[in-house]
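Numbering (our numbering), first residue to last: 80 to 385.
Even for Gly, the Cβ is constructed at its ideal location relative to N, Cα and C.
First the structure, in the form of structure tokens, and then the observations on it.
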């Protein structure tokens with residue numbers, strides 16, 4: 080918060096967006112970000128702090144790649160981190176320094192030349208000297224539609240789509256699958272891109288749950304599809320990759336409207352226009368990935384505090 084008086088508004092039950100886990104009777108299930116890595120020195124330092132606080136742990140996973148109808152080990156030395164006991168926890172740790180976190184949906188905004196006024200269903204939520212968006216591109220563009228003409232740079236940031244959708248499905252099997260792998264990158268023309276055994280992560284659901292992420296092309300084409308169809312496609316993919324017939328006990332689906340990074344979207348890092356007292360940050364401005372979302376916010380905060 081850099082000594083500033085910060086108020087956070089989040090429309091979800093808890094802040095974090097795709098850095099979230101679903102609480103179920105079986106335990107937590109990860110539908111969004113599956114893990115994150117730390118390549119930059121600044122984020123490595125942040126991860127050390129989270130480790131010391133017990134907010135994250137290393138995911139000691141065995142990964143594989145499925146391509147050409149073959150499943151092969153994909154060993155590497157990359158440390159992959161997960162939130163503990165859920166993916167929310169690193170976000171919750173960051174928010175501990177913020178006095179005011181409000182769960183409500185900001186649906187309109189106004190700038191009087193000096194300060195921003197935020198509203199929810201025509202009720203004013205407050206007046207602020209700076210406005211920061213840490214939301215997906217399309218959501219920021221909707222709220223800022225009437226202000227974009229004042230800022231050509233803002234128009235550039237919104238000109239092409241940065242994020243495409245991703246359907247996620249959790250398939251609970253009635254039997255455990257004997258397989259030495261915890262996560263599988265699917266590199267084929269199949270409609271899925273990633274499979275993960277939820278129980279491989281400590282303090283997650285220990286029953287036989289498999290997470291399936293669908294490709295952006297499939298997710299876009301099937302944006303409003305019935306969940307029953309998604310589940311059948313997910314199970315078919317699981318059976319093909321795992322080379323066995325599966326018995327499904329239950330399934331859950333979640334649609335991320337804005338999730339997967341467009342490969343050709345420019346890397347801005349963050350957006351800040353002092354004369355408009357306006358900033359934007361997020362993974363979509365910085366090449367995707369959890370680390371880049373954190374770096375985007377970190378660098379924007381430094382730009383604001385000078």
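Range of the contiguous beta strand (DSSP E) that encloses residue i
{"i": "residue 187", "result": "187-190"}
{"i": "residue 272", "result": "271-276"}
{"i": "residue 265", "result": "262-265"}
{"i": "residue 292", "result": "288-293"}
Where residue i falls: helix, strand or coil (DSSP)
{"i": "residue 178", "result": "coil"}
{"i": "residue 376", "result": "helix"}
{"i": "residue 343", "result": "coil"}
{"i": "residue 145", "result": "strand"}
{"i": "residue 226", "result": "coil"}
{"i": "residue 89", "result": "strand"}
{"i": "residue 362", "result": "helix"}
Cβ neighbour criterion (16 or more within 10 Å) applied to residue i
{"i": "residue 264", "result": "exposed"}
{"i": "residue 166", "result": "buried"}
{"i": "residue 111", "result": "buried"}
{"i": "residue 360", "result": "buried"}
{"i": "residue 370", "result": "buried"}
{"i": "residue 149", "result": "exposed"}
{"i": "residue 169", "result": "buried"}
{"i": "residue 266", "result": "exposed"}
{"i": "residue 374", "result": "buried"}
{"i": "residue 291", "result": "buried"}
{"i": "residue 280", "result": "buried"}
{"i": "residue 328", "result": "exposed"}
Residue i versus residue j: straight-line alpha-carbon distance, rounded
{"i": "residue 88", "j": "residue 185", "result": "7 Å"}
{"i": "residue 143", "j": "residue 366", "result": "24 Å"}
{"i": "residue 83", "j": "residue 277", "result": "39 Å"}
{"i": "residue 183", "j": "residue 138", "result": "33 Å"}
{"i": "residue 153", "j": "residue 320", "result": "15 Å"}
{"i": "residue 228", "j": "residue 109", "result": "39 Å"}
{"i": "residue 207", "j": "residue 377", "result": "20 Å"}
{"i": "residue 383", "j": "residue 192", "result": "18 Å"}
{"i": "residue 174", "j": "residue 85", "result": "10 Å"}
{"i": "residue 310", "j": "residue 190", "result": "45 Å"}
{"i": "residue 240", "j": "residue 312", "result": "27 Å"}
{"i": "residue 237", "j": "residue 256", "result": "44 Å"}
{"i": "residue 315", "j": "residue 325", "result": "9 Å"}
Range of the contiguous alpha helix (DSSP H) that encloses residue i
{"i": "residue 103", "result": "It is not in any alpha helix (DSSP H) - residue 103 instead sits in the beta strand (DSSP E) that spans 100-103."}
{"i": "residue 350", "result": "From DSSP, residue 350 is part of no alpha helix (DSSP H) but of the beta strand (DSSP E) over 350-352."}
Report yes or no: do the stretch 118-127 and the stretch 298-314 share at least 3 C-beta pairs separated by less than 8 Å? no
Three or more C-beta pairs below 8 Å linking the stretch 262-276 and the stretch 345-362: no
The stretch 332-341 in contact with the stretch 241-254 per 3-pair CB rule at 8 Å: yes
Are there three or more Cβ pairs, one per stretch, closer than 8 Å when the stretch 92-110 is compared with the stretch 155-165? yes
Kindly confirm or deny that the stretch 213-221 and the stretch 335-344 touch, where touching means at least three C-beta pairs closer than 8 Å. yes
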